[in-house]
Amino acid sequence: MEHSEKYMFKYKGIYFYTKYVTPELIDSLEEFEIRVSDVFLITYPKSGTVWTQNILSLIFHEGHRDETEDIHVIDRVPWLEYNLNKLDYANRPSPRLFTTHLPYYLVPRGLKNKRVKVIYVARNPKDVLVSYFHFSKIVITPDNTPDFSIFLERFLAGEVLSSSWLDHVRGWYDHRDDFNIFFLTYEEMKKDLRGAVLRICDFLGKELSEDDLDTVVKKATFENMKKDPRANYETRPGVRLEEKKCFLRKGTVGDWKNTMTVAQNERFEEVLKEKMKDLPFSYIWDNEEAI
Ligand SMILES: Nc1ncnc2c1ncn2[C@@H]1O[C@H](COP(=O)(O)OS(=O)(=O)O)[C@@H](OP(=O)(O)O)[C@H]1O
Numbered sequence: 001m002e003h004s005e006k007y008m009f010k011y012k013g014i015y016f017y018t019k020y021v022t023p024e025l026i027d028s029l030e031e032f033e034i035r036v037s038d039v040f041l042i043t044y045p046k047s048g049t050v051w052t053q054n055i056l057s058l059i060f061h062e063g064h065r066d067e068t069e070d071i072h073v074i075d076r077v078p079w080l081e082y083n084l085n086k087l088d089y090a091n092r093p094s095p096r097l098f099t100t101h102l103p104y105y106l107v108p109r110g111l112k113n114k115r116v117k118v119i120y121v122a123r124n125p126k127d128v129l130v131s132y133f134h135f136s137k138i139v140i141t142p143d144n145t146p147d148f149s150i151f152l153e154r155f156l157a158g159e160v161l162s163s164s165w166l167d168h169v170r171g172w173y174d175h176r177d178d179f180n181i182f183f184l185t186y187e188e189m190k191k192d193l194r195g196a197v198l199r200i201c202d203f204l205g206k207e208l209s210e211d212d213l214d215t216v217v218k219k220a221t222f223e224n225m226k227k228d229p230r231a232n233y234e235t236r237p238g239v240r241l242e243e244k245k246c247f248l249r250k251g252t253v254g255d256w257k258n259t260m261t262v263a264q265n266e267r268f269e270e271v272l273k274e275k276m277k278d279l280p281f282s283y284i285w286d287n288e289e290a291i
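In full-length UniProt numbering, the protein residues as written are 1 to 291.
This is the structure we're talking about:
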């Protein structure tokens, strides 16, 4: 598949966005200086990253909750490897919040001392695939977006940004004992957002008042995030203007059923079902079960 080499490159087993990252940058991250108070949000793409970024920003920043500060979540919980707004990470006040799509073996060495809190959010891979397909239509790439069946094959082969979904999730899960890590799923967040926020707070040792908790939950709903310019990624770099409103697209569980044919679903299961059987996440595939 010659499709994508123009906008992404493979380094140490992972596809990265050529425009924003270099192999040297990835190498340098291993020595990235960590503070004990740092919090890392880790996801495979399209798994609920921005949603959780928003939740973290709301938990930590009163100025976000009460709307006295107009700071985009991308600047509150920036990407480690994609420093899109050229922030000075070394001189940010604590606690620093970071987001990354990196696999377990490329993150800063300091994360492995188990003192830094890491939140890993996973989503059922059929919805990840469908969300990723739509996303590939709104990010600027020199390629034409392929049709879904081609994208499906690329996804299954790990020939997309961040590479294989399974390797990402499994890698982080299998190496969980090296980190102070809390796993959460998109589907759990959908099913009980308040409960998910409480569990996140609990893990972080943050105690919010009932009012503040209500505010976090309210501002983290799909409907409210879609209206919030700080959280809806309409101004995200690299998103095509005419289609930018699609970043927060549907925000549901089970949308794969609206896209995948029976044959595509069978193909997906043939490759992934067996291999993901022993993963502990009880993936909810169907919105009727989840909501
Ligand atoms: N509040 C809230 N509730 C429910 N769902 C939400 C929410 N915020 C973002 N989303 C959905 O998350 C999908 C985008 O995933 P990511 O943020 O991980 O994308 S990225 O990796 O940062 O590009 C994308 O999923 P799809 O709608 O299925 O495409 C977003 O709509």
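Glycine included, every Cβ here is placed at the ideal spot set by N, Cα and C. Just so it is clear, the structure is predicted and the values come from calculations on it, not from any experiment.
* Per DSSP, cross-strand counterpart(s) of M8 -> As a working mapping, residue 8 is identified with position 8 in the sequence shown. Note: M8 is bridge-paired with Y17 in the DSSP secondary-structure output.
* Closer than 7 Å: is that where the CB of L248 sits relative to any heavy atom of ligand 1? -> In the sequence shown, the residue the question calls residue 248 occupies position 248. Because some heavy atom of ligand 1 lies under 7 Å away, the Cβ of L248 counts as near it: yes.
- prompt: If you draw a straight line from the C-alpha of K191 to the C-alpha of D70, how long is it?
  reply: Taking the first residue of the sequence shown as 1, we reach residue 191 at position 191. Taking the first residue of the sequence shown as 1, we reach residue 70 at position 70. Distance between the alpha carbons of K191 and D70 is about 29 Å.
Taking its Cβ as the centre, do 16 or more other Cβ atoms sit within 10 Å of residue 306, making it buried, or is it exposed?
With the chain covering 1 to 291 only, the question about residue 306 has no answer from this structure.
*Roughly how many angstroms separate the alpha carbons of Y104 and H175, rounded to a whole number?*
As a first step, residue 104 must be located in the sequence shown, where it is residue number 104. As a first step, residue 175 must be located in the sequence shown, where it is residue number 175. Y104 and H175: Cα-Cα distance of roughly 7 Å.
Measuring only from the beta carbon, is W172 closer than 7 Å to any heavy atom that is part of ligand 1?
The residue given as residue 172 occupies position 172 in the sequence shown. Outside the cutoff, so no.
Would you report the Cα separation of Y233 and R199, rounded to the nearest angstrom?
-> As a working note, residue 233 is residue 233 in the sequence shown. As a working note, residue 199 is residue 199 in the sequence shown. Within the model, the alpha-carbon separation for Y233 versus R199 is close to 25 Å.
_Between the CA atoms of F151 and E2 - distance to the nearest angstrom_ = Here residue 2 is taken as the residue at index 2 of the sequence shown, counted from 1. Here residue 151 is taken as the residue at index 151 of the sequence shown, counted from 1. With a pLDDT of only 45 at E2, under the threshold of 50, the placement of this residue in the model should not be trusted; the figure read from the coordinates follows. For E2 and F151, the distance between alpha carbons rounds to 13 Å.
V50: CB within 7 Å of a non-hydrogen atom of ligand 1
For the purposes of this step, residue 50 is identified with residue 50 of the sequence shown, where counting begins at 1. Yes, the beta carbon of V50 sits closer than 7 Å to at least one heavy atom of ligand 1.
- Which residues share a DSSP beta bridge with I42? Working through the sequence shown from its first residue, we reach residue 42 at position 42. Paired residue(s): T100, Y120.
Take G195 as the anchor and find which of K218, L84, N180 has the nearest alpha-carbon.
Numbered from 1 along the sequence shown, position 195 holds the residue referred to as residue 195. When each option's Cα is compared against that of G195, the closest is K218.
* Asked: Of the choices F281, Y11, D38, Y17, whose alpha-carbon is the least far from that of E188?
  -> By one-based count along the sequence shown, residue 188 stands at place 188. Looking at the Cα atoms, F281 is the closest of the given residues.
- Task: Have a look at the DSSP bridge pairing and note the partners of L184.
- Result: Against the sequence shown, residue 184 aligns to sequence position 184. According to DSSP, which records beta bridges pairwise, L184 is partnered with V121.
- Spatially closest choice to V36 from P108, W256, L87, D228, by CA coordinates: Here residue 36 refers to the residue found at position 36 of the sequence shown. Closest by alpha carbon: P108.
Task: Residue from E207, E31, Y44 whose Cα sits closest to the Cα of V128 - done: Within the sequence shown, numbered from 1, the residue matching residue 128 stands at position 128. For the options E207, E31, Y44, the alpha carbon positioned closest to that of V128 is the one of Y44.
- request: Can you have a look at E210 and say buried or exposed, based on whether 16 or more other CB atoms are within 10 angstroms of its CB?
  value: On the sequence shown, position 210 is the one that residue 210 refers to. So E210 counts as exposed.
Neighbourhood of Y186 by C-beta distance below 8 Å, restricted to the same chain and skipping five residues each side:
Position 186 of the sequence shown, counted from the first residue, corresponds to residue 186. Within the same chain, S47, G48, W51, V121, A122, R123, N124, D127, V253 come within 8 Å of Y186 by CB-CB distance, once the 5 residues on both sides are set aside.
F98 versus E31: straight-line alpha-carbon distance, rounded: As a working mapping, residue 98 is identified with position 98 in the sequence shown. As a working mapping, residue 31 is identified with position 31 in the sequence shown. Distance between the alpha carbons of F98 and E31 is about 15 Å.
**Asked** Is there at least one non-hydrogen atom of ligand 1 closer than 7 Å to the beta-carbon of D255?
**Response** Taking the sequence shown and counting its residues from 1, one reaches residue 255 at position 255. Remark: the shortest separation between the CB of D255 and any heavy atom of ligand 1 falls under 7 Å.
- Task: Could you tell me if the beta carbon of D66 falls within a distance shorter than 7 Å of some heavy atom in ligand 1?
- Result: Position 66 of the sequence shown, counted from the first residue, corresponds to residue 66. For ligand 1, not one heavy atom lies less than 7 Å from the Cβ of D66.
*Is F16 near ligand 1, in the sense that its beta carbon is under 7 Å from a heavy atom of that ligand?*
On the sequence shown, position 16 is the one that residue 16 refers to. In this structure, ligand 1 has no non-hydrogen atom nearer than 7 Å to the beta-carbon of F16.
* Expressed to the nearest angstrom, what Euclidean distance is found between the alpha-carbon atoms of L87 and L29? -> Here residue 87 corresponds to residue number 87 of the sequence shown, with the count starting at 1. Here residue 29 corresponds to residue number 29 of the sequence shown, with the count starting at 1. CA-CA distance, L87 to L29, rounds to 15 Å.
Report task. Could you say which of D202, R76, K114, H134 lies nearest to R96 if we only look at CA atoms? Result -> Residue 96 sits at position 96 when you count from the first residue of the sequence shown. Ranking D202, R76, K114, H134 by CA distance to the CA of R96 puts R76 first.
Reducing DSSP to helix, strand and coil, say where V139 ends up.
Counting from 1 along the sequence shown, the entry for residue 139 is found at position 139. In this structure, DSSP gives V139 an extended state, which the three-state scheme calls strand.
Legend entry - Best match in M8, T259, K250 for proximity to K226 [C-alpha to C-alpha]: Residue mapping note: residue 226 aligns to position 226 of the sequence shown, counting from 1. The alpha carbon of K226 has as its nearest neighbour, out of M8, T259, K250, the alpha carbon of K250.
Buried or exposed, going by whether 16 or more other CB atoms sit within 10 Å of the CB of K117? Locating residue 117 in the sequence shown gives position 117, where the first residue counts as 1. Looking at its Cβ environment, which holds 16 or more other Cβ atoms inside 10 Å, K117 is buried.
Original post:
For K275, which option in N83, N224, P93, R170 has the closest C-alpha, if you only look at C-alpha atoms?
Top reply: Here residue 275 refers to the residue found at position 275 when the sequence shown is read from its first residue. Closest by alpha carbon: R170.
**Prompt:** CB of P45 to nearest heavy atom of ligand 1: below 7 Å?
**Reply:** Locating residue 45 in the sequence shown gives position 45, where the first residue counts as 1. Taking 7 Å as the cut-off, one finds at least one heavy atom of ligand 1 near enough to the beta carbon of P45.
Exercise. Between W79 and T100, what straight-line distance do the alpha-carbon atoms span, to the nearest angstrom?
Worked result: Mapped onto the sequence shown, residue 79 falls at position 79. Mapped onto the sequence shown, residue 100 falls at position 100. Taking the straight line from one Cα to the other gives about 5 Å.
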